[in-house]
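Student:
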Amino acid sequence: DVIVESNMSPSTRNCDRVVNAVSFDGSPGYAKIRKLGDDVDNCLYVLALDRSALGTLHGFFEEPYWGQAQRKTQQEDVIATKQGTQVTNEEQRQRQEQEQSQSSVSVHSPVYVAWGTQQAYYNSQSKTLEVYYGEEETELTLISLKPPSNSSTPNASYPLPFVHTIPLTPHHVTSTLDLTPQLRSWQKRVSDLANLNWRPTSLKQSPLEHGLISGHILYKTCFPAEYKVLKSKVRLLINARHRCSIFLNDHFVGGHTVYSKRLCVPGCKNGPELLTSFGKKKYDLTQFLKLPKSEEANVLIIVVENLGINRQMDMFNDARNPRGLISASFTGLKSGNKPQWSICGVDARRLDCSFITSGIPDEHKRTGWISLPSLPESGINPSDGLSWWKFSFLHPVSSKLRSELSAPLRLVLYGSFTSYIFLNGTLIGRYYGNGDSPQHDFYLMDGLLKHDEDNTIALLVYSWEPVISPDLKVQVRGWEIDDANKSGNVARLRRGTEDVESASNGWVVWKASINL
1 DVIVESNMSP STRNCDRVVN AVSFDGSPGY AKIRKLGDDV DNCLYVLALD RSALGTLHGF
61 FEEPYWGQAQ RKTQQEDVIA TKQGTQVTNE EQRQRQEQEQ SQSSVSVHSP VYVAWGTQQA
121 YYNSQSKTLE VYYGEEETEL TLISLKPPSN SSTPNASYPL PFVHTIPLTP HHVTSTLDLT
181 PQLRSWQKRV SDLANLNWRP TSLKQSPLEH GLISGHILYK TCFPAEYKVL KSKVRLLINA
241 RHRCSIFLND HFVGGHTVYS KRLCVPGCKN GPELLTSFGK KKYDLTQFLK LPKSEEANVL
301 IIVVENLGIN RQMDMFNDAR NPRGLISASF TGLKSGNKPQ WSICGVDARR LDCSFITSGI
361 PDEHKRTGWI SLPSLPESGI NPSDGLSWWK FSFLHPVSSK LRSELSAPLR LVLYGSFTSY
421 IFLNGTLIGR YYGNGDSPQH DFYLMDGLLK HDEDNTIALL VYSWEPVISP DLKVQVRGWE
481 IDDANKSGNV ARLRRGTEDV ESASNGWVVW KASINL
């Protein structure tokens, strides 16, 4: 027979006088089960949690559990076997078995168990539990044989000596915290592409041979104003991977993307690209040409963006798939006029990380900036080429409050343009407003942000179509969570809705340290 002490309306059924089945009503609570006649402390505890508590359940284990538990247990078994053959005293044998059992339990059991918050981290060095909680998370329940130093309250559902409930109280400053900082010190400059550090190349060469493996790759060619027939059309047939933008004599000609999720097609994401001659597109250059017999040569610049290396089978080498400008040919030029190509970019072999560059050589240039009162009112003109915008802002959370709370920020971008985003000099994201990507909200990493001093965001900006200022949005905001649908996703801020969500507080996470 068993004795059950519980607040969950237990029922006990004896099966064949050997097994006792204990069932409960399904509500949160506890049960204390022991055999009839056993010591009061020799019992089994069962704790039942509801669905919301189970979703926040954390178990904290010591390091041996993750990397050395199995090996340690095996070593202890070998030692126990050797020692067992030498132990003759029954009392010593029992004591040794008890110590080995406790050692095995300490290896496999969690140090602490907690629930009530979405995020908690156990610092094994300081023996503290670092808890991050929102305004709706009001308490943390902790299972620990030793009570925490923080003040705890009795738990009505689990009135047990090893269950501790710690109240979590958000600070009053939340209601006055404005997570939409003012963007100031706006500046703009335009990359002088024609005067970059160009190197001769052949289109038969892969850009990988130049170390240009990340971001943009730039190509340039010059050809005299000599055409076959007066008023004849001059066309360019181009094949590139993956996105290309074409500029002739400081005029935007056009651009396109060659990218696919399908197998073995031009710009394929998966598998080898067997037929690299496919994926070409023709452009009419006529209206942008220099006048016939002009002393000035035509300058053609093609900006190609590489979207990365494909995922392929082991038998294929990722680097064999084409990147950059694969081929380019002209029609309508005078015979014998064979343009020679040059290339430039950022050699990733000289970088600590090959994925922290836009590929534009002057991305960190400090001169040539023009101050602006705000977001450029002229909008974006495709013929401006590659422009850079820069602005500063102060983090709404001061360094004093940083130890008490965390308020994540995001950069919100809207408009039909392409952008590379640099936060305090580090590339953190790419934006494709022409529809190549749906992302409009970019997380500003806490580790890169500064408190009590200016943060700087620089944007590489270019577009395939004119974008007027009212269609542009550049804003730093907190993470407003979609409370209406309870999805947990960010509440999407659309164009022209600056004030609609201003009353919605950003997601603020408070911090608490529990000394264990």
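Each residue of the sequence shown is one higher than the one before, starting from 1 at the first, in the UniProt record's numbering. Think of the CB as a built atom: it goes at the ideal place given N, C-alpha and C, for glycine as much as any other residue. Predicted model only: the values in this text are computed from it and were never measured.
How about Phe442 and Gly429: are their beta carbons less than 7 Å apart?
Tutor: Yes, these two residues count as a Cβ contact at 7 Å.
Student: Go through the region 149-200 residue by residue and report every complete run of the beta strand (DSSP E) that reaches 3 residues or more, in order.
Tutor: Listed in chain order, they are 163-167 and 184-190.
Student: Given Gly29, which residues of its chain have a CB within under 6 Å of its CB, disregarding the five upstream and five downstream residues?
Tutor: Asn7, Met8, Ala48 and Ser157.
Student: Report the three-state DSSP secondary structure of Gln125 (helix, strand or coil).
Tutor: Correct three-state label for Gln125: coil.
Student: Thinking Leu183 and Val476 are a contact (beta carbons under 8 Å), I'd like their distance in whole angstroms, please.
Tutor: Contact holds; Cβ gap of about 6 Å.
Student: Based on DSSP bridge pairs, tell me the residues matched to Glu130.
Tutor: The partner list for Glu130 (beta bridge, DSSP) reads Tyr121 and Ser513.
Student: Quick one: any contact between the region 339-353 and the region 245-261, if contact means 3 or more CB pairs under 8 Å?
Tutor: Touching, no, given that fewer than three Cβ pairs across the two stretches are closer than 8 Å.
Student: Going by DSSP, what residue range makes up the alpha helix (DSSP H) through Ala53?
Tutor: It spans Arg51 to Leu54 - the alpha helix (DSSP H) in which Ala53 sits, taken as one unbroken run.
Student: Could you check if Tyr112 is buried or exposed, using at least 16 other CB atoms within 10 Å of its CB as the buried criterion?
Tutor: With 16 or more other Cβ atoms within 10 Å, it is buried.
Student: Straight-line CA distance for Leu236 to Asp284?
Tutor: Straight-line Cα distance between these residues: approximately 6 Å.
Student: According to DSSP, Lys282 sits in a beta bridge with which residue or residues?
Tutor: Answer by DSSP bridge pairing, in chain order: Leu237.
Student: For Lys261, which three-state DSSP category applies?
Tutor: Reduced to three states, the DSSP call for Lys261 is strand.
Student: Quick one: residues in its chain with C-beta nearer than 6 Å to the C-beta of Tyr122, no 5 flanking neighbours on either side, listed in chain order?
Tutor: Excluding positions up to five away in sequence, the list reads Phe60 and Leu129.
Student: Need the endpoints of the beta strand (DSSP E) that Arg243 sits in, please.
Tutor: Arg243 to Leu248 is the extent of the beta strand (DSSP E) around Arg243.
Student: Mapping DSSP to helix, strand and coil, what is Ala225?
Tutor: Coil at Ala225, not helix or strand.
Student: Answer with buried or exposed for Lys188, where buried requires no fewer than 16 other C-beta atoms within 10 angstroms of its C-beta.
Tutor: Per the 10 Å Cβ criterion, buried.
Student: Residues in the same chain with beta-carbon distance under 6 Å from Val467, minus the five sequence neighbours each way, listed in chain order, please.
Tutor: Result list for Val467: Gly379, Ile380, Gly415, Ser416 and Phe417, in chain order.
Student: Beta-carbon of Ser6 versus every beta-carbon of chain C: anything under 7 Å?
Tutor: Included in the structure is just one protein chain, with no chain C present.
Student: So Asn455 and His395 are supposed to be a Cβ contact under 8 Å. How far apart are they, rounded?
Tutor: Indeed they touch by this definition, with Cβ atoms about 6 Å apart.
Student: Counting C-beta neighbours from all protein chains within 10 Å, is the total for His58 16 or more, i.e. buried, or is it exposed?
Tutor: The residue is buried, with at least 16 neighbouring Cβ atoms inside 10 Å.
Student: Since Arg402 is in the alpha helix (DSSP H), which residue starts that stretch and which ends it?
Tutor: Where Arg402 is concerned, the enclosing alpha helix (DSSP H) stretches over Ser399 to Arg402.
Student: How is the beta strand (DSSP E) around Glu139 delimited, first residue to last?
Tutor: First-last of the beta strand (DSSP E) with Glu139: Glu139 to Ile143.
Student: To the nearest angstrom, report how far apart Tyr420 and Trp369 are at their CA atoms.
Tutor: Going from the Cα of Tyr420 to the Cα of Trp369 covers about 18 Å.
Student: Within the same chain, show all residues whose beta-carbon is closer than 6 Å to that of Lys282, passing over the 5 residues directly before and after it, in chain order.
Tutor: Cβ neighbours of Lys282 beyond the five flanking positions: Arg235 and Leu237.
Student: Tell me whether Ala69 sits in a helix, a strand or coil according to DSSP, three-state version.
Tutor: In this predicted model, Ala69 has a pLDDT of only 46, less than 50, meaning its place in the structure is not dependable; the value taken from the coordinates is given anyway. Looking at Ala69 - three-state DSSP - the assignment turns out to be helix.
Student: If you run the structure through DSSP and keep just helix, strand and coil, what is residue 523?
Tutor: The requested residue 523 is not part of the displayed model; the chain covers only 1 to 516.
Student: Mind checking which residues open and close the beta strand (DSSP E) that includes Asp441?
Tutor: Its beta strand (DSSP E) spans residues Asp441 to Leu444.
Student: To the nearest angstrom, report how far apart Asp178 and Phe393 are at their CA atoms.
Tutor: Going by the C-alpha atoms only, they are around 13 Å apart.
Student: How long is the line joining the alpha carbons of Ala512 and Tyr132, rounded to whole angstroms?
Tutor: Spanning the two alpha carbons is a distance of roughly 7 Å.
Student: Alpha carbon to alpha carbon, what distance is there between Thr165 and Val2?
Tutor: Near 29 Å, if we compare the C-alpha coordinates of Thr165 and Val2.
Student: Using 8 Å as the cut-off, can you tell me whether the region 324-342 makes contact with the region 250-257, which would need three or more C-beta pairs spanning the two stretches below that distance?
Tutor: The region 324-342, when compared against the region 250-257, does not touch it at the 8 Å Cβ threshold.
Student: Alpha carbon to alpha carbon, how far is Asn195 from Gly324? Give it in angstroms, no decimals.
Tutor: The alpha-carbon atoms of Gly324 and Asn195 are separated by roughly 20 Å.
Student: Please classify Ser469: does DSSP put it in a helix, a strand, or coil?
Tutor: Correct three-state label for Ser469: helix.
Student: For the beta strand (DSSP E) holding Gln340, just list the boundary residues, first then last.
Tutor: Segment Gln340 to Cys344, the beta strand (DSSP E) holding Gln340.
Student: Closest by CA to Asn42, which one among Ile213, Val4 and Gln119?
Tutor: For the residues Ile213, Val4 and Gln119, the minimum Cα distance to Asn42 belongs to Val4.
Student: Taking Val303 and Ser214 to be in contact with their CB atoms under 8 Å, please state how far apart those CB atoms are, rounded to whole angstroms.
Tutor: Going by Cβ atoms, the distance from Val303 to Ser214 rounds to 14 Å, so no, they are not a contact pair.
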